[in-house]
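Residue numbers (my numbering): 1298 to 1781.
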RNA sequence: GGCCCCAUCGUCUAGCGGUUAGGACGUCGGCCUCUCACGCCGAAAACGGGGGUUCAAGUCCCCCUGGGGUCACCA
């Protein structure tokens, strides 16, 4: 299956009605990867025809989400393009034009039934049939052409009464639905705004898409759009229907399961590449490989290995993938990345701070996100006399009986020359051996004194990162605290 | 309920007629060890059921069951 046409054009067409859902992001990602791999164009189109739900804020969220993820678009908002405009509400003239064409060719008609009338009929049907769904509106205007164009009306598609409509899905093979399943769906509202299927079809045609990929919840819409394509005599793109991303319980992914908006992951300190990796791998595979760089994704992505079964969101695995990506960064990148997060905690640290650079390597092994990294780095940058002690650790390791150890440690730290890990280790280990102490009895009180916590990088490492002066000050303070 | 789609460890998946059914996350042991991690070693863990086709079926076909999607002047 060679899908690398010379002129690949794919699009992502979200409606700006909230945050950009990670399921939608995965669809966008696959399209973007495909475009980048084939050297084609990735188009971003905003489907804002639902006036009640669309907002400018949500549009900004979409754009910001895409930017944060690094899914750049070749055509769309802010960058323009030959097939623009890229907001559906700015393409109303086009929809009118195509609707008129369909009316003229007998593929559509003006319908004067009101929304309320139809709703009543639907209610009556459902009542009569014992609550069953599946009401199909039969418009009395279907075969009339005498309606006044100046009286408010909707435009409906004149769905064939027989036959089948189908396509060869990129992921699933041949799919076909009987036309008798469809009703005369609305193309244009009385106010001139198109409905999804019409706007989408007209845009995909006029924007010359070669592949339309979307969630499989749209599989019911595709036959309708194909009907429009055919009525318009337009060439069909290929269609790919991606499986959904569900929550851990197999139900629709919702807030109660996890953060569903991508930007929430940004705010959680995730890396865009980690998000992309996790999402790519949820529903697509490349042998046994789990971790991919962005570039590898572009090179290795293939529709053939995109699955068809719904995937469940797994926060644990997401975190693991994320941690792997955090570890792919070098110390300078981590330092630069974590600075804003330290700032949020009230710590002003320069990206090239000596202590920051020294501490980052040992701390990052214990972290999956920038938030965790900032937390793990935090105590290194607190003033020596403002360190706070974890309550439980203080109770356990800052007792009167820990004093002698701290005092001896203070002496060794003061005397170490040179002040490096090897020297400190030799000195401290020598002492422990001489006095037949347990390493633990020294290290845990020391850890509390130096970091205020029970968990940290190794003792010698920590001492070196803090430096002699700071280490001594912190040990002194701990001693003072214990002595009350 | 109608229509459509789907079905390998708990989860994501590899498999594209012949495999001891592989990997990853998670889980549980163990090693390492000053804590927490990292790392390393190991274990438990899957082809939903029933019919076919075939010398041979997780792989192909049918039925059942189960899950999901959708039935708007939302997208």
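By construction, the Cβ of each residue, glycine as well, lies at the ideal position given by its N, Cα and C atoms.
Limits of the beta strand (DSSP E) - the one that residue i falls within
i: residue 1462; result: 1461-1466
i: residue 1306; result: 1306-1309
i: residue 1636; result: First-last for residue 1636: 1628-1641, but that is the alpha helix (DSSP H), not the beta strand (DSSP E).
i: residue 1483; result: 1483-1485
Under the three-state DSSP convention, the category residue i falls into
i: residue 1741; result: helix
i: residue 1727; result: helix
i: residue 1490; result: coil
i: residue 1543; result: strand
i: residue 1549; result: strand
i: residue 1556; result: coil
i: residue 1430; result: coil
i: residue 1384; result: strand
i: residue 1707; result: helix
i: residue 1586; result: strand
i: residue 1690; result: helix
i: residue 1344; result: coil
i: residue 1377; result: strand
i: residue 1593; result: helix
i: residue 1566; result: coil
i: residue 1750; result: coil
i: residue 1496; result: helix
i: residue 1372; result: strand
i: residue 1571; result: helix
i: residue 1479; result: coil
i: residue 1561; result: helix
i: residue 1419; result: helix
i: residue 1736; result: helix
i: residue 1795; result: The requested residue 1795 is not part of the displayed model; the chain covers only 1298 to 1781.
i: residue 1682; result: helix
i: residue 1396; result: helix
Start and end residues, alpha helix (DSSP H) containing residue i
i: residue 1328; result: 1319-1335
i: residue 1339; result: No alpha helix (DSSP H) holds residue 1339; the beta strand (DSSP E) holding it covers 1338-1341.
i: residue 1771; result: 1765-1780
i: residue 1660; result: 1651-1661
i: residue 1363; result: 1353-1366
i: residue 1672; result: 1667-1674
i: residue 1520; result: 1519-1529
Burial state of residue i, where buried means 16 or more other Cβ atoms lie within 10 Å
i: residue 1494; result: buried
i: residue 1749; result: buried
i: residue 1344; result: buried
i: residue 1736; result: exposed
i: residue 1299; result: Caution applies to residue 1299, whose pLDDT of 39 falls short of 50 and renders its modelled position unreliable; the value that the coordinates give is listed next. Exposed, because fewer than 16 other Cβ atoms sit within 10 Å of the Cβ of residue 1299.
i: residue 1759; result: buried
i: residue 1349; result: exposed
i: residue 1256; result: Since the first residue shown for the chain is 1298 and the last is 1781, residue 1256 is missing from the structure and cannot be characterised.
i: residue 1458; result: exposed
i: residue 1780; result: exposed
i: residue 1755; result: exposed
i: residue 1739; result: buried
i: residue 1302; result: For residue 1302, the pLDDT reaches just 48, beneath the cut-off of 50, and the residue's location in the model is therefore unreliable, although a value from the coordinates is still provided. Result: exposed.
i: residue 1450; result: buried
i: residue 1532; result: exposed
i: residue 1304; result: exposed
i: residue 1551; result: exposed
i: residue 1712; result: exposed
i: residue 1580; result: buried
i: residue 1448; result: exposed
Bridge partner(s) assigned by DSSP for residue i
i: residue 1405; result: 1454
i: residue 1537; result: 1510
i: residue 1471; result: 1465
i: residue 1413; result: None; residue 1413 has no bridge partner.
i: residue 1603; result: 1581
i: residue 1609; result: 1543
Legend entry - Touch test, the region 1320-1327 against the region 1347-1355, Cβ-Cβ under 8 angstroms, three pairs minimum: no
Legend entry - Cβ contact check for the region 1598-1608 and the region 1535-1547: 3 or more pairs under 8 angstroms: yes
Legend entry - Contact the region 1650-1659 vs the region 1710-1725: 3+ CB pairs below 8 angstroms: no
Legend entry - Three CB pairs or more closer than 8 angstroms across the region 1567-1575 and the region 1504-1522: no
Inset, instruction - Taking 8 angstroms as the threshold, find out whether the region 1484-1499 comes into contact with the region 1413-1424 through three or more Cβ pairs. - result: no
Legend entry - the region 1552-1569 touching the region 1609-1623, judged by at least three CB pairs closer than 8 angstroms: yes
Legend entry - Sufficient close CB pairs (3 or more, under 8 angstroms) joining the region 1523-1539 to the region 1456-1476: yes
Legend entry - Three CB pairs or more closer than 8 angstroms across the region 1768-1775 and the region 1700-1707: yes
Legend entry - At least 3 beta-carbon pairs within less than 8 angstroms: the region 1620-1637 vs the region 1595-1603: no
Legend entry - Three CB pairs or more closer than 8 angstroms across the region 1430-1439 and the region 1385-1404: no
Inset, instruction - Tell me, please, whether the region 1504-1514 touches the region 1356-1369 by the rule of three or more beta-carbon pairs shorter than 8 angstroms. - result: no
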